[in-house]
Amino acid sequence: MNSDGQERFIKRVRQALGKTSPTGPGPADPFPGGSPDEPAHVIETAGNRDAKQKQRLVECLMESARRHDITAHIHAGMQSAAREMAAIVLEQEPEWGAEKSVVAWRHPLVEGLKLPEALAPHRVPVHFCDHDVSSPVEKQVFVTKAATACVGITSADFCLADSGTLVLKTRPGQALSVSIAPSVHMAVFAAEQIVADLKELYALLTCEPGHAAEGLTRSMTFVCGPSKTADIEATLIHGAHGPREVHIFIIRS
Amino acid sequence: MSAISTEDYRKTAQEAIEDHVLKNALANLQQRFGRGAAEAYLNLPEGPGLRLKARDVRMEAIGNLDAVLVEFAENVRKNGGHVFFARDAGEAVSYCLEVARRRNIKSVVKGKSMLTEEVNLNPSLQEAGIEVTETDLGEYIVQLAGERPSHILAPAIHKTRGDIGKLFAEKIGIPYTDDPTALTIAARKALREKFLSADMGISGCNLACAETGHITTLSNEGNIRMCATMPRVHLAFMGMERIAQRLRDHDMLLRLLTRGASAQEMPTYVSYVGGPAYPWQADGPEEFHVVIVDNGRTKILADEDFREMLCCLRCSACLNMCPVYAQIGGHAYGHTYCGPVGAVVTPLMKGINRAKDLCTGETLCGACRDACPVNIDIPRMLLGLRAKLAQGDPRWGVRRADRKEKVFYSLWSRLVGNRPLYDAFLRAAAAGQRLLPRQAGMITRLPGSMHGWTKSRNIRPVAGQSFNRQWRRTEAKRKG
Ligand code: SF4
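Each protein sequence line maps, in turn, to chains A and B. As numbered in the working numbering, residues -3 to 249 make up the first sequence, in order. As numbered in the working numbering, residues 15 to 494 make up the second sequence, in order.
Dropping the structure here:
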């Protein structure tokens, strides 16, 4: 790795900083002495929420959803959620091409909805993202499916109550294009996956053993509401390049 | 595109001042975003004081930049990405062209990136026979019109819906409409095809994190996500200073950035990209490159007076508050960066003499500093630049702007430092000014080379009696 210019570049930076030693002082702690914001403390607070506090979190999420033009649905079980989802799919006009179709993550919660069965009588196919497609040709086929689909269905790792933001990591079966290419995006997750805010999220991402070991993955995406633009005379319009509608389905068990 | 026209500042600014459509659009923008940002800071759980903490975090990362960049590069490589360090615009562009050649790239989709404007990437790609499409709606409009963005966040703010309607009718062949929704849908359709057929996606990077080895891109439209997902290669341009040491610094900066930029609690899409797609992934790029660019930044880093400017997140909050930007818009600044940030960065990058009008054009009112999510003291640096222009500075290759001015000011300082001499001057001026033309009690034209002062404003005449003299007289009367 000599042709990447790194050595020469870093040398110049070091000169500009007036340093001689090859290493900097090393990252110092910007919050020395610890604070109530310490990740461990944040995680503990989050883990000890009682039923009332959890309810408040859901209410906060509903409120944020309204602010950000997200349609939020609460369901006590998968069956009723699936019924409502299917109804929304059937309402949509296909945007790209004449055929209406759905793309979906291979994810226990999404598969648990059994949408293919619900939509089969209406001849709306549901294409799942299979994680063994990896040759360029297969990729092309999948991306085309996602880009012509009317509805994309994902789950989420977390949902932030204070802004309605969905947090999606990349894993087998969880393609990126499902949440960006279709005309409508629906995400289904359990109420336990709601976290208060970014601070709680970062604490979990860095200190919760599973997430810490996994890292952010090659691509971690936040989605907060429908795609929007205000580039023409500052007029707000939904559906610039991504979905024009975002629905979240909160499952309470 | 990136032709520099800082020398035309006065002329372009004058034209903009007379453009009422532009001024309305700018007023509207400032009203919405400028005020909104200030409110958004107040609503932060930590309060607006978080800006000061964020600034410390930025300065710390910049102080450790040598180590931080190495850590970042190592982490990206661990995840299968490539990192290239470019000393200047030329190296950055050639690396990109080299990747394009090697991967047989015919078409490129781009997310908004000020840095690619700075290094003037598009013409080089086009010369190499590659089709380049800007995909941010505002940038797309500006590209179709063959113009330059006039705001960091709202590149087409200078265009009316009617302009855009005509442009789309002519360039993408839709029937004329000035309905923003119809126009947006037309662009969505045209660009969708480009996303799906493009071989390479090029983006900028709003922030990066050394601890994790990710770059972060923000967008409301979703175009950057498309650029980073659909094509087989993703290449990101990153200013060397745009990096946070650790994830929790990154969190703080991200929250401030979105509030400063557009008063949003959260942009629609935030993507943390740390490498190419996994082998099992059903979509995503096969290759991921980050080009880290210096292009004059180490020179700013080396000067302690201006190092602070590298804290900038290019959020455009300062544009949204600046009274000068409100009058003259972005094009007058003559280079990629406009508004207060441009008034400091452009002289430092392109030559202080060459861009002298930019730093003398600002008012030093301080609105930019208060708007800045990392509290950068732009007025201090504007004064620093003006001092260099007045005194000359070999280190920055600054010629003294005007010898006559220098002579005038040294005489003036001698004059005001000597009371009897100053009194004599005032008396002489009070007598002499009777010959000068007046309007409504104000002098409209000063003689000789002082005429410049009254070119665009009138000056109050010297009082018949100075305060000191009046005081002495009243005291004498009272006692006597
Ligand atoms: S100087 Fe501050 S306000 Fe202006 S663009 Fe940079 S970070 Fe934003």
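For glycine and all other residues, C-beta sits at the position ideal for the given N, C-alpha and C. Owing to the predicted nature of the structure, the values given are computational and were not obtained by experimental measurement.
Does the stretch 316 to 325 of chain B come within contact of the stretch 136 to 153 of chain B, defined as at least 3 CB pairs closer than 8 Å? Flag = no, the stretch 316 to 325 of chain B and the stretch 136 to 153 of chain B do not touch.
Does the stretch 177 to 188 of chain A come into contact with the stretch 145 to 152 of chain A, if we say contact requires no fewer than three beta-carbon pairs (one atom in each stretch) closer than 8 Å? As far as the Cβ criterion goes, the stretch 177 to 188 of chain A touches the stretch 145 to 152 of chain A, which means the pair count is three or higher.
Mark B:Arg492 as exposed unless 16 or more other C-beta atoms lie within 10 angstroms of its C-beta, in which case mark it buried. Classified as exposed, B:Arg492 has fewer than 16 neighbouring CB atoms from the shown chains inside 10 Å of its CB.
Secondary structure of B:Arg400, DSSP reduced to three states: The DSSP-derived three-state label of B:Arg400 is helix.
How would you list, in chain order, the residues of chain B whose beta-carbon sits under 7 Å from the beta-carbon of A:Ser10? According to the sequence shown, residue 10 of chain A is Arg rather than Ser. Those are Asp80, listed as they occur along chain B.
Since A:Thr213 contacts A:Thr150 with CB under 8 Å, what's their CB separation in whole angstroms? Taking a contact as a CB-CB distance under 8 Å, the pair A:Thr213 and A:Thr150 does not count as one, their CB atoms being some 14 Å apart.
Please go through the same chain and pick out, in chain order, the residues whose beta-carbon is closer than 7 Å to the beta-carbon of A:Ser60, but skip the five residues on each side of it. The residues are Ala157, Asp158, Ser159, Gly160.
Element boundaries [beta strand (DSSP E), containing A:Lys110]: Neither: A:Lys110 is in no beta strand (DSSP E) and is coded neither H nor E.
In this structure, how does DSSP classify B:Tyr351 when only helix, strand and coil are distinguished? Coil, per DSSP.
With a threshold of 7 Å, establish whether the CB of B:Leu327 neighbours any heavy atom of the ligand SF4. Result yes, Cβ under 7 Å from the ligand SF4.
Spatial neighbours of A:Met182 within its chain, please: CB distance less than 8 Å, with the 5 preceding and 5 following residues excluded, ordered by chain position. Spatial neighbours of A:Met182 in its own chain (CB-CB distance under 8 Å, excluding positions within 5 residues in sequence) are listed in chain order as Met81, Ile84, Val147, Gly148, Ile149, Thr150, Val242, His243, Ile244, Phe245.
C-beta neighbour in chain B for A:Phe154, strict 8 Å: Not a single CB atom of chain B sits nearer than 8 Å to the CB of A:Phe154.
Taking the Cβ atom as the reference point for each residue, do B:Ala381 and B:Gln44 lie within a distance shorter than 8 Å? Not a contact, by the Cβ cut-off of 8 Å.
Sequence-distant residues of the same chain with beta carbon closer than 7 Å to B:Ala212, five excluded per side: For B:Ala212, where only same-chain residues beyond five positions count, the Cβ hits under 7 Å are Ser121, Val122, Val123, Met244, Pro245.
Assign A:Gly29 to one of three DSSP states: helix, strand, or coil. Low local confidence applies: a pLDDT of 43 at A:Gly29 is under 50, so the model's placement there is unreliable, with the coordinate-based value given in what follows. For A:Gly29, the three-state secondary structure derived from DSSP is coil.
Contacting residues, own chain, Cβ-Cβ under 8 Å from B:Leu271 (five flanking each side not counted): The beta carbon of B:Leu271 sits closer than 8 Å to those of Asn220, Leu221, Leu232, Leu327, Cys329, Pro387, all from its chain and outside the five residues before and after it, given in chain order.
What are the start and end residues of the alpha helix (DSSP H) that includes B:Ser211? Residues 194 to 211.
Secondary structure of B:Leu83, DSSP reduced to three states: B:Leu83: helix per DSSP, three-state reduction.
Pairwise C-alpha distance: B:Arg400 and B:Arg487: Cα-Cα distance, rounded: 41 Å.
CA-to-CA distance, A:Ala208 to A:Leu200, given in whole angstroms: Distance between the alpha carbons of A:Leu200 and A:Ala208 is about 8 Å.
For chain B, is any of its Cβ atoms less than 8 Å away from the one on A:Lys135? True, the Cβ-Cβ gap to chain B drops below 8 Å.
Would A:Gly238 be called buried (16 or more neighbouring beta carbons within 10 Å of its own) or exposed? Around the beta carbon of A:Gly238, a 10 Å sphere encloses 16 or more other beta carbons of the protein chains shown; the residue is thus reported as buried.
Taking Cβ positions only, does B:Trp294 come closer than 8 Å to chain A? So yes, B:Trp294 belongs to the interface.
Run through DSSP, which three-state label would A:Met58 get? In this structure, A:Met58 counts as helix in the three-state DSSP scheme.
Quick one: what's B:Glu301 bridged to in DSSP? B:Glu301 is bridged by DSSP to B:Val247.
Name the two residues that bound the continuous beta strand (DSSP E) containing B:Ala369. Boundaries cannot be given for B:Ala369, as no beta strand (DSSP E) includes it and DSSP labels it neither H nor E.
On the criterion of 16 or more Cβ atoms from any shown chain inside 10 Å, does B:Phe302 qualify as buried, or is it exposed? The residue is buried, with at least 16 neighbouring Cβ atoms inside 10 Å.
Please check the pair B:Glu10 and B:Ala404, which I expect to be a contact at CB under 8 Å, by giving their CB distance rounded to whole angstroms. Since the first residue of chain B shown is 15 and the last is 494, residue 10 of chain B is not available in this structure.
Give the interface partners of B:Ile155 over in chain A, defined as CB-CB distance under 9 Å, in chain order. Counting only Cβ-Cβ distances below 9 Å, B:Ile155 has contacts in chain A at Asp227, Ile228, in chain order.
Spatial neighbours of A:Thr225 within its chain, please: CB distance less than 6 Å, with the 5 preceding and 5 following residues excluded, ordered by chain position. Only Ile233, Ala236 meet the Cβ criterion.
How many angstroms separate the CA atom of A:Gly30 from the CA atom of A:Ile228? Any reading at A:Gly30 is ruled out, since the residue's pLDDT is 46, under 50, leaving its predicted position unreliable.
Taking only beta carbons into account, state which residues of the stretch 285 to 309 of chain B come closer than 9 Å to chain A, listed in chain order. Answer in chain order: Ser285, Tyr286, Val287, Gly288, Gly289, Pro290, Ala291, Tyr292, Pro293, Trp294, Gln295, Ala296, Asp297, Gly298, Glu300, Phe302, Ile306, Asp308.
If you run the structure through DSSP and keep just helix, strand and coil, what is B:Tyr23? It is helical.
Among all the DSSP beta bridges, which residues are the ones paired with A:Ile247? Beta-bridge partners assigned by DSSP to A:Ile247: A:His71, A:Ala186.
Is it a yes or a no for the stretch 196 to 215 of chain B touching the stretch 359 to 373 of chain B, going by three-plus beta-carbon pairs under 8 Å? No, the stretch 196 to 215 of chain B does not touch the stretch 359 to 373 of chain B.
Using the Cβ count rule (16 or more neighbours within 10 Å means buried), how would you classify B:Pro299? Result: buried.
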